[in-house]
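Going by this note's numbering, the sequence shown opens with residue 1377, and the numbers climb by one from there. Note that CB positions come from ideal geometry on N, CA and C, so glycine has one too.
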Amino acid sequence: MFTGHFGPAFAAKAGRPELSLGGQFVAAQLPDVVFSILVATGIERVRVHANGTGPGAVEMVSVPFSHAALPTSRLRDMPR
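Following this line, the structure appears as structure tokens:
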């Protein structure tokens, strides 16, 4: 999670120092907030393995919206 979420936030801060690092962290967590809502409503699906531990216990079966590369890469173009 650090590499996939907070790494890009640090990279954005390094590339554009005028951006707030706190704001970048919030933006980095946005896909997970959306993911939770979409799983709760049944739009995206996960499978929980009873014998698994940690992150390996959760298998992302269908996550076409919250963690797709194109929609999340467009977050940087959102109005400030």
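Touch check for the stretch 1402-1421 and the stretch 1380-1393: three-plus C-beta pairs under 8 angstroms? Between the stretch 1402-1421 and the stretch 1380-1393 there are three or more inter-stretch CB-CB distances shorter than 8 angstroms, so the stretches are counted as touching.
Please report the distance separating the alpha-carbon of Ser1396 from that of Ala1387. 12 angstroms
Flag this pair as yes or no: are the beta carbons of Val1409 and Val1424 separated by less than 7 angstroms? no
Sub-7 angstroms separation of Ser1442 and Arg1421 beta-carbons: no
Run through the DSSP bridge pairs and tell me what Val1424 is partnered with. In the DSSP output, where bridge partners are listed per residue, Val1424 has Val1434.
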